[in-house]
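First residue of the sequence shown: 363, per this note's numbering; consecutive thereafter.
Structure, as structure tokens:
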Amino acid sequence: YRSIGNIYLKKHELDKSLTYFHKVFLNEIDRYQFGNCLLSVTFRQIADIYYDKKDYSHALQYYLKLLDNELIQKLSEDYSLICIYKVLGKIFYKKKIFNQSLLYYNRLLYCHLKHQPTNQSSIIEIFKKIGKIYLKKKHFDDSLLYYTKLKNKKRNLFKNDSVSFDLFKDLANLHFEKLHLDESFIYFEKILQQQLNEFSSNDFSIKKLYFICGNICLEKQKYDKAFYYFYSLLNFELKLKYFNDPTLIKIYKFLANISYRQDKYDKSLIYFYRLIDCLIQRRPLDDYSIINTYIMIGKIFLKKHFKNQLRNYLILINDEKTKEINDIDISYEVYHLDQTLDYFQKILEKKFQSNIFSKDSIYIIIANIYLQKQDSYQALYYFNLLINSLYEKQPQGDLTTAIIYSLMGDILFKLTDFSQALIHYQNSLVIYQKLYEKNHSAVLTAKYKIRDTLFPVL
363 YRSIGNIYLK KHELDKSLTY FHKVFLNEID RYQFGNCLLS VTFRQIADIY YDKKDYSHAL
423 QYYLKLLDNE LIQKLSEDYS LICIYKVLGK IFYKKKIFNQ SLLYYNRLLY CHLKHQPTNQ
483 SSIIEIFKKI GKIYLKKKHF DDSLLYYTKL KNKKRNLFKN DSVSFDLFKD LANLHFEKLH
543 LDESFIYFEK ILQQQLNEFS SNDFSIKKLY FICGNICLEK QKYDKAFYYF YSLLNFELKL
603 KYFNDPTLIK IYKFLANISY RQDKYDKSLI YFYRLIDCLI QRRPLDDYSI INTYIMIGKI
663 FLKKHFKNQL RNYLILINDE KTKEINDIDI SYEVYHLDQT LDYFQKILEK KFQSNIFSKD
723 SIYIIIANIY LQKQDSYQAL YYFNLLINSL YEKQPQGDLT TAIIYSLMGD ILFKLTDFSQ
783 ALIHYQNSLV IYQKLYEKNH SAVLTAKYKI RDTLFPVL
């Protein structure tokens with residue numbers, strides 16, 4: 363029976379081979395007591411065949427019989443048991459029975475540690491496996507302990523960090539799971555540098571590493587570094603894709619939001635416009651994601667408005683726009699101002715619904731878009747609509763009304779319409795004097811502007 367089973371095994375006819383080895387087992391179990399070495403041979407042969415068939419449940423059954431048979435004559439730390447412990451650890455791991463897998467890998471480790479001379483390479487592999495099991499069980503502290511042992515053992519054995527590529531990856535993932543963002547970033551950055559040094563800059567894994575490093579920096583609120591990694595990822599993608607490829611949506615969203623958090627509003631606008639270019643490839647204009655993007659664009663124009671409310675508006679816009687665009691080393695520099703303008707005008711006309719922006723906010727947004735387009739007269743028209751709306755709510759005028767009068771005065775002054783500029787500056791001064799003491803900076807600034815308008819330097 364055994365001979366026929368071995369022949370079928372050599373022919374790789376596993377089912378027929380199993381039939382004959384089972385006949386061997388049934389004969390031997392009647393003739394021999396447990397502990398007999400012939401039983402061990404048969405258990406091993408049957409278990410190995412089931413393992414080759416990937417029938418892990420039956421393989422596990424016979425490997426456990428084999429172990430029980432061996433332990434009748436041997437101690438649990440006997441070095442001859444290492445192959446059984448190793449395969450049992452593997453099978454339990456494959457079946458996701460992690461506690462049992464840990465049991466046998468720890469027994470395997472103990473056998474290696476007791477044996478002299480110690481097999482350091484095998485111990486390294488066991489540390490790695492135990493660390494991975496604890497990671498799967500989400501026992502992060504235990505996992506970190508074994509990965510750290512593994513790192514130290516590897517460094518002592520090989521004296522070369524380059525062999526630790528997979529180890530760096532596992533440690534990075536582990537620290538990331540524990541929210542040890544600084545430690546996690548160190549390992550991911552090492553992996554990225556290794557990949558950049560050893561592989562082509564087009565290697566797919568580099569793309570993934572840029573994304574991970576960018577996310578960690580974003581989580582740590584290190585926006586400059588986060589922008590660097592996502593911008594590097596964008597350059598990586600643009601080697602193979604057009605700028606409006608829908609797969610770039612996530613990258614543009616990250617770059618736009620990072621720039622927004624850094625108060626780099628013109629740069630943020632560029633990436634939000636790119637994001638819209640990608641979104642409209644597959645989605646209608648009333649899609650939730652496109653509406654959300656326009657909401658962010660509207661918020662940017664509001665931010666730009668309130669940030670610059672007491673400064674010379676047209677000069678400021680020209681200077682900042684030039685500065686921001688020069689900071690961006692990308693070919694696409696076209697602002698989608700007409701599309702944005704159309705969107706917010708449709709909200710005013712009630713063709714689109716918006717619960718985010720008040721009518722006054724939309725006046726401010728549209729006026730600022732016209733300023734960006736260098737259309738000062740249209741900007742003045744919408745600022746004037748805003749003034750009328752503000753007076754309806756507060757007939758005496760309030761701080762916002764005074765600020766808008768001052769801004770309109772700045773625009774008219776740049777247009778050399780000094781008489782109208784003077785009227786708007788005087789209107790702002792009247793309101794400021796109601797709100798503040800005579801030495802307040804807002805009152806003094808309004809007076810300076812009136813003086814400069816009466817005696818302009820041409």
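Just so it is clear, CB atoms sit at the ideal spot from N, CA and C, and this is done for glycine as well.
Please report the distance separating the alpha-carbon of residue i from that of residue j.
{"i": "H537", "j": "I366", "result": "For H537, the predicted structure reports a pLDDT of 47, less than 50, and the residue's modelled location is therefore unreliable. A value from the coordinates is still provided. Their Cα atoms are separated by approximately 54 Å."}
{"i": "K755", "j": "Y635", "result": "35 Å"}
{"i": "L376", "j": "F396", "result": "26 Å"}
{"i": "F573", "j": "F775", "result": "48 Å"}
{"i": "E551", "j": "D779", "result": "58 Å"}
{"i": "D760", "j": "E581", "result": "40 Å"}
{"i": "F706", "j": "Q555", "result": "46 Å"}
{"i": "V525", "j": "Q557", "result": "Note that V525 has pLDDT 41, beneath the 50 cutoff, so the model's placement of it is unreliable and the number below is only indicative. Near 13 Å, if we compare the C-alpha coordinates of Q557 and V525."}
{"i": "N606", "j": "L631", "result": "15 Å"}
{"i": "F454", "j": "S463", "result": "5 Å"}
{"i": "F460", "j": "K452", "result": "10 Å"}
{"i": "N680", "j": "N559", "result": "At N680, the pLDDT of 46 sits below 50, so the modelled position is not reliable; the number obtained from the coordinates is stated separately. Whole-angstrom Cα-Cα distance: 42 Å."}
{"i": "L777", "j": "D737", "result": "11 Å"}
{"i": "I578", "j": "S621", "result": "16 Å"}
{"i": "N619", "j": "I638", "result": "14 Å"}
{"i": "H802", "j": "A764", "result": "14 Å"}
{"i": "T480", "j": "I434", "result": "26 Å"}
{"i": "H420", "j": "F383", "result": "14 Å"}
{"i": "Q758", "j": "I709", "result": "29 Å"}
{"i": "Y762", "j": "K712", "result": "In the sequence as presented, Tyr is not what sits at residue 762; that position holds Thr. Distance between the alpha carbons of T762 and K712: 25 Å."}
{"i": "L437", "j": "K372", "result": "34 Å"}
{"i": "D704", "j": "Y753", "result": "26 Å"}
{"i": "H474", "j": "Y413", "result": "24 Å"}
Starting from the Cα of residue i, find the closest Cα among the options and give me that residue.
{"i": "L806", "options": "L816, F817, Y794", "result": "Y794"}
{"i": "Y441", "options": "R469, I453, L465", "result": "R469"}
{"i": "M770", "options": "F592, Q758, L631, H786", "result": "H786"}
{"i": "K448", "options": "L437, L475, Y466", "result": "Y466"}
{"i": "L733", "options": "L664, L475, K603, K615", "result": "L664"}
{"i": "K427", "options": "I578, E439, N398", "result": "N398"}
{"i": "E439", "options": "N368, I408, L422, Q478", "result": "Q478"}
{"i": "R813", "options": "Q788, K378, L699, N481", "result": "Q788"}
{"i": "R364", "options": "H374, Q407, D392, K373", "result": "Q407"}
{"i": "H374", "options": "K476, A409, K415", "result": "K415"}
{"i": "Q423", "options": "Q435, K436, A409, I434", "result": "A409"}
{"i": "L816", "options": "Y753, Q782, Q583", "result": "Q782"}
With a Cβ-Cβ cutoff of 8 Å, do residue i and residue j count as a contact?
{"i": "E432", "j": "L443", "result": "yes"}
{"i": "I446", "j": "Y425", "result": "yes"}
{"i": "S751", "j": "D722", "result": "yes"}
{"i": "L600", "j": "K569", "result": "no"}
{"i": "Y821", "j": "K385", "result": "The chain is shown only over 363 to 820; residue 821 falls outside these bounds and no answer can be derived."}
{"i": "T404", "j": "E390", "result": "yes"}
{"i": "A804", "j": "Y798", "result": "yes"}
{"i": "Y394", "j": "L388", "result": "no"}
{"i": "R644", "j": "S651", "result": "no"}
{"i": "L784", "j": "A808", "result": "no"}
{"i": "I329", "j": "T702", "result": "Shown here, the chain extends from 363 to 820; a query on residue 329 therefore has no answer."}
{"i": "F745", "j": "G660", "result": "no"}
{"i": "L699", "j": "K735", "result": "yes"}
{"i": "Y633", "j": "L617", "result": "yes"}
{"i": "I486", "j": "L471", "result": "no"}
Taking 6 Å as the limit between beta carbons, can you name the residues of its chain near residue i, skipping five residues before and five after?
{"i": "L429", "result": "I446"}
{"i": "Q624", "result": "Y585"}
{"i": "G576", "result": "A588, Y591, F592"}
{"i": "S693", "result": "The predicted position of S693 is uncertain, since its pLDDT is 34 and thus under 50; no value can be drawn from it."}
{"i": "Q740", "result": "Y732"}
{"i": "Y829", "result": "Because the chain spans 363 through 820 in this model, residue 829 falls outside it and cannot be assessed."}
{"i": "S567", "result": "Q557"}
{"i": "K491", "result": "Y467"}
With a threshold of 8 Å on Cβ separation, who are the neighbours of residue i within its own chain once the five nearest residues in sequence on each side are excluded?
{"i": "L748", "result": "D722, Y725, I726, A729, I766"}
{"i": "L641", "result": "P608, I611, D649, S651, I652, T655"}
{"i": "K603", "result": "T609, L610"}
{"i": "K796", "result": "Q758, G759"}
Closer than 7 Å by C-beta to residue i: which residues in its own chain qualify, once you throw out the five before and the five after it? Chain order, please.
{"i": "P818", "result": "F780"}
{"i": "K378", "result": "Y370"}
{"i": "I662", "result": "Y622, Y627, S630, L631"}
{"i": "N368", "result": "none"}
{"i": "L543", "result": "Residue confidence for L543 is low, a pLDDT of 49 falling below 50, so the modelled location carries little weight; the figure read from the coordinates is stated next. Only I578, E581, K582 meet the Cβ criterion."}
Is residue i near the ligand HEM, going by C-beta to nearest heavy atom under 7 Å?
{"i": "A588", "result": "By its list of ligands, the structure shown contains no ligand whatsoever, and the ligand HEM lies outside what it can speak to."}
Can you list, in chain order, the stretches of the alpha helix (DSSP H) that have 4 or more residues and sit fully within the stretch 725-799? 738-755, 761-776, 780-797
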